[in-house]
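Engineer: Could you have a look at this structure, given as structure tokens, before my questions?
Protein chains in written order, with full-length UniProt numbering: chain A, 1 to 412; chain B, 1 to 412.
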């Protein structure tokens with residue numbers, strides 16, 4: 001397929017890319033001499049995309065030092081060795097160090113050396129086994145198939161296991177390619193996925209209750225696809241079906257959305273974080289806030305179309321409702337006339353009557369008719385923040401336009 | 001109970017009332033000499049309310065002349081005999097004649113003479129058997145109990161079998177009193193009614209599917225309470241329970257409603273009939289129109305609180321909605337992603353997306369956002385009429401105030 005060749009031309013790194021990254025890595029490793037340092041991740045596995053210059057460099061410590069050692073002593077040692085380079089701290093399960101050398105970012109991550117994947121104590125301890133599993137099962141051609149799949153997942157917006165995306169990790173992309181054999185076969189498979197689909201490469205040791213289940217070949221008690229949300233699963237399945245129906249470069253490189261009219265009414269809550277935050281922690285709180293916004297608005301009587309978000313320097317929550325005007329009063333339904341509780345319903349409501357169906361009804365005053373206040377009260381972040389709220393009148397950025405368009409950009 | 005004595009003082013006719021009506025009846029009967037004329041109805045049965053001056057006078061013809069004879073030849077003969085008196089025509093199953101004598105209205109109704117209630121050909125042929133059944137089973141005290149019940153039914157708004165009311169006829173009030181023994185016992189019984197309650201005085205010969213079932217003792221294949229709607233049944237049951245809890249004259253003589261604010265929004269359609277109509281036929285059409293208004297508004301996305309009506313020279317339909325503003329667009333739900341039909345849903349909608357639950361959603365333009373137009377299009381009367389529509393801002397008449405109050409007037 002011509003499209004796939006074109007994509008591969010764009011995503012496959014050339015020798016010069018490899019040399020540039022390798023030099024940066026070599027420099028960092030030279031600083032870590034006599035430590036147990038190894039490169040892992042997609043660079044090592046040969047499944048990285050051109051332009052993605054993140055390299056994972058693991059520094060292993062004996063299992064016996066324990067988890068807590070990594071976050072303090074190990075980190076301090078690593079920082080010590082990298083003195084003079086451009087470093088900064090980042091946070092995942094543990095803090096780690098990001099070094100920038102010649103435009104290449106190297107994540108230097110302390111980990112524990114274990115004997116097999118199922119002995120992992122921290123999430124990253126499993127990495128060497130992932131590397132070994134993937135490299136032993138992927139040919140060079142297979143690696144390119146992984147690249148196509150990763151670019152496809154990026155294009156349709158479901159690449160990455162982080163809470164903001166809740167999608168497919170690079171490792172899951174590799175496992176899918178190994179299982180199905182090729183990029184197009186992954187799509188054929190994905191187009192028939194259902195919630196709870198299980199993809200078993202080696203063996204399964206327990207039942208998982210997730211939209212997508214892929215027991216990790218190096219630790220089958222773990223679901224490698226645990227992060228994949230129902231929405232990501234559905235998006236991948238639908239995009240696969242649509243691509244197989246009519247292939248297009250848009251799936252890999254979606255076009256920018258045209259200007260869009262505001263349909264319904266869109267309320268924006270622009271959140272400015274006032275202290276440093278860990279991305280995954282923040283997005284966990286934002287996801288919960290979004291759920292609460294949706295439920296609180298529905299309970300208050302608003303018809304919610306969709307809640308979305310955009311992130312640049314600020315996080316913007318976009319709340320789309322059919323109408324912000326829902327009236328001061330609403331109809332409440334009571335029990336049928338012949339139930340005991342009907343007397344209580346009459347006594348506790350002023351504007352109460354018998355309906356044609358023999359049920360009691362009451363007209364009740366709404367507790368809250370201002371959707372902006374409901375949204376504000378539903379945002380709960382543990383970091384310090386400020387909020388600015390306004391009604392959207394025009395969408396000038398791509399993210400807001402895509403939200404208004406609703407139709408995925410990879411669909412004509 | 002003092003309240004009941006007070007009501008009885010008001011509803012029980014005195015000798016002078018009887019004499020006045022009897023003189024009017026005697027005059028009419030004298031004109032019908034040598035015809036087979038008999039007084040029936042509540043005046044004959046002694047269950048009429050003071051001030052209710054409607055008298056039923058039946059003129060019987062042999063069964064052999066057939067139904068069609070009544071509407072033409074019989075009617076012509078009756079009109080002929082009544083020449084010179086103030087007469088007008090009225091319409092039920094057949095046309096009949098209303099004569100006014102000294103402020104008393106006598107309905108002169110042609111009917112067929114049959115041998116038993118179950119041989120009735122027209123609805124009124126059963127009347128002599130009703131008269132005989134009721135008078136043979138009601139003592140003078142029993143008649144007063146019927147009067148209390150009728151006034152109670154009037155007070156709570158469910159007296160009358162006509163389509164506008166769909167309530168309890170005088171005959172049903174008599175049967176209930178015979179069955180339960182007294183007014184208060186009717187209320188005790190009614191307060192435990194459920195949909196489908198059966199009250200069998202003599203025998204039952206078939207299954208009825210109505211909110212209330214009372215096989216007619218003179219023709220058990222007929223449900224004497226067939227007209228009672230679920231709403232009337234429920235209203236009677238609830239009012240009975242409330243009266244037994246706290247008796248009040250308000251149940252018999254509800255007070256006028258105080259001025260009321262408009263809660264939600266109320267749209268009025270004022271219908272002016274432009275040609276003569278039969279009340280029951282018109283109200284059948286209005287009931288169907290009201291049902292259509294309710295369903296069309298709900299389908300269009302409006303939240304309907306209640307639809308009511310008021311009748312003076314015009315018929316006014318009162319449509320109460322939570323809000324008349326519902327926005328130009330609405331959320332449409334599609335199938336879950338894994339169903340075949342999801343592809344079709346995507347292809348047939350422009351603003352379509354995958355929801356968090358893996359279902360497809362679409363934002364659709366509403367076909368109609370003007371509730372007044374929906375109401376107008378839902379009114380369908382077979383008589384000529386004109387409609388004036390407006391939004392209610394103030395309720396100056398009792399009927400509209402009662403509609404806005406919602407709470408029955410017999411409840412404090």
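We put the beta carbon where it would ideally sit given N, CA and C, even for glycine.
Measuring alpha carbon to alpha carbon, tell me which of B:181, B:385 and B:243 ends up nearest residue 251 of chain B.
Structural biologist: If we check each option's Cα against that of residue 251 of chain B, B:243 comes out closest.
Engineer: I want to see whether chain E comes within less than 8 Å of residue 243 of chain A, judged by CB atoms only; does it?
Structural biologist: In the structure shown, chain E cannot be found, because the protein chains are A and B.
Engineer: Just mark residue 143 of chain B as buried or exposed, buried being the case when its beta carbon has 16 or more other beta carbons within 10 Å.
Structural biologist: So residue 143 of chain B counts as buried.
Engineer: Check the Cβ-Cβ distances between residue 358 of chain B and every residue of chain A, and say whether any is below 8 Å.
Structural biologist: Yes, because at least one Cβ of chain A sits closer than 8 Å to the Cβ of residue 358 of chain B.
Engineer: Taking Cβ-Cβ distances below 8 Å as the criterion, which residues of the stretch 212 to 235 of chain B are in contact with chain A?
Structural biologist: Correct list: 229, 230, 231, 233, 234 and 235.
Engineer: Quick check: what's the CA-CA separation for residue 184 of chain A versus residue 297 of chain A?
Structural biologist: Going by the C-alpha atoms only, they are around 42 Å apart.
Engineer: Apart from the five residues just before and just after residue 371 of chain B, which ones in its own chain have a Cβ nearer than 8 Å to its Cβ?
Structural biologist: Once the five neighbours on either side are set aside, the close Cβ partners of residue 371 of chain B are 267, 297, 300, 302, 319, 321 and 324.
Engineer: Leaving out the 5 sequence neighbours to the left and right, which residues in its chain are closer than 7 Å to residue 305 of chain A when beta-carbon positions are compared?
Structural biologist: These residues qualify, in order along the chain: 264, 320, 321 and 322.
Engineer: In this structure, does DSSP put residue 68 of chain B in helix, strand or coil?
Structural biologist: DSSP places residue 68 of chain B in helix when its eight states are reduced to three.
Engineer: Measuring only the C-alpha atoms, how far is residue 110 of chain B from residue 61 of chain B?
Structural biologist: Answer to the nearest angstrom: the Cα atoms are 7 Å apart.
Engineer: Can you name the residues of chain B whose CB is closer than 8 Å to the CB of residue 265 of chain A?
Structural biologist: Result: 327.
Engineer: Suppose the cutoff is 6 Å on Cβ atoms and the five residues either side in sequence are ignored; what does the same chain contact list for residue 386 of chain B look like?
Structural biologist: Cβ neighbours of residue 386 of chain B beyond the five flanking positions: 272.
Engineer: Can you pull the chain B neighbours of residue 194 of chain A, defined as C-beta to C-beta under 7 Å?
Structural biologist: Chain B residues near residue 194 of chain A: 338.
Engineer: In chain B, which residues lie less than 7 Å from residue 406 of chain A when you measure between Cβ atoms?
Structural biologist: What residue 406 of chain A touches in chain B: 351, 352, 353 and 363.
Engineer: Using a Cβ cut-off of 8 Å (strictly closer), state whether residue 305 of chain B contacts chain A.
Structural biologist: Yes - at least one Cβ of chain A is within 8 Å of the one on residue 305 of chain B.
Engineer: Where residue 398 of chain A and residue 331 of chain B are concerned, what is the direct C-alpha to C-alpha distance, given to the nearest angstrom?
Structural biologist: Rounded to the nearest angstrom, the two C-alpha atoms are 23 Å apart.
Engineer: In terms of residues, what are the limits of the alpha helix (DSSP H) holding residue 81 of chain B?
Structural biologist: From DSSP, the alpha helix (DSSP H) with residue 81 of chain B extends over 75 to 81.
Engineer: Should residue 379 of chain B be flagged as near chain A, meaning a C-beta pair shorter than 8 Å?
Structural biologist: No, because no Cβ of chain A sits closer than 8 Å to the Cβ of residue 379 of chain B.
Engineer: Between residue 322 of chain B and chain A, is there a C-beta pair that is closer than 8 Å?
Structural biologist: It does; some Cβ of chain A falls within 8 Å.
Engineer: What first and last residue would you give for the beta strand (DSSP E) that runs through residue 359 of chain B?
Structural biologist: That run of the beta strand (DSSP E) goes 359 to 365.
Engineer: Taking DSSP as the reference, what is the three-state secondary structure of residue 251 of chain A?
Structural biologist: Three-state DSSP puts residue 251 of chain A in a helix.
Engineer: Spell out the partners DSSP gives residue 265 of chain B in its beta bridges.
Structural biologist: DSSP output for residue 265 of chain B lists B:321 as bridge partner(s).
Engineer: Determine the contact status of residue 384 of chain A and residue 285 of chain A, defining contact as a CB-CB distance below 8 Å.
Structural biologist: Result no, Cβ atoms of residue 384 of chain A and residue 285 of chain A do not sit closer than 8 Å.
Engineer: Let me check understanding here. Comparing Cα to Cα, which of A:315, A:53 and A:326 lies closest to residue 16 of chain A?
Structural biologist: Comparing Cα positions, the closest option is A:53.
Engineer: Indicate whether the contact test is met: 3 or more Cβ pairs, each with one atom in the stretch 72 to 89 of chain B and one in the stretch 26 to 42 of chain B, closer than 8 Å.
Structural biologist: Short answer: they touch.
Engineer: Determine, using beta carbons only, whether residue 269 of chain B and residue 317 of chain B come nearer to each other than 8 Å.
Structural biologist: Against a cut-off of 8 Å, the Cβ pair of residue 317 of chain B and residue 269 of chain B comes out as a contact.
Engineer: Could you check how far apart the C-beta atoms of residue 205 of chain B and residue 157 of chain B are, in whole angstroms? I think they sit under 8 Å.
Structural biologist: That pair is no contact at about 32 Å.
Engineer: When the cut-off is 8 Å and only beta carbons count, does residue 130 of chain A lie next to chain B?
Structural biologist: Not closer than 8 Å to any Cβ of chain B, the Cβ of residue 130 of chain A fails to qualify, so no.
Engineer: Based on the DSSP secondary-structure assignment, which residues constitute the bridge partners of residue 399 of chain A?
Structural biologist: Paired residues: none, contrary to the question.
Engineer: Within 8 Å of any Cβ in chain B, is that where the Cβ of residue 342 of chain A sits?
Structural biologist: At least one chain B Cβ lies under 8 Å of residue 342 of chain A.
Engineer: Under 8 Å Cβ-Cβ, which residues of chain B neighbour residue 346 of chain A?
Structural biologist: Within chain B, the residues near residue 346 of chain A are 238, 242 and 411.
Engineer: Can you tell me the Cα-Cα spacing of residue 364 of chain B and residue 237 of chain B, whole angstroms?
Structural biologist: Roughly 44 Å between the two C-alpha positions.
Engineer: Please tell me whether residue 415 of chain B has its Cβ less than 8 Å away from any Cβ of chain A.
Structural biologist: For residue 415 of chain B there is no data in the structure shown, the boundaries of chain B being 1 and 412.
Engineer: May I ask which residues mark the beginning and end of the beta strand (DSSP E) holding residue 307 of chain A?
Structural biologist: 304 to 311 is the span of the beta strand (DSSP E), which, as asked, contains residue 307 of chain A.
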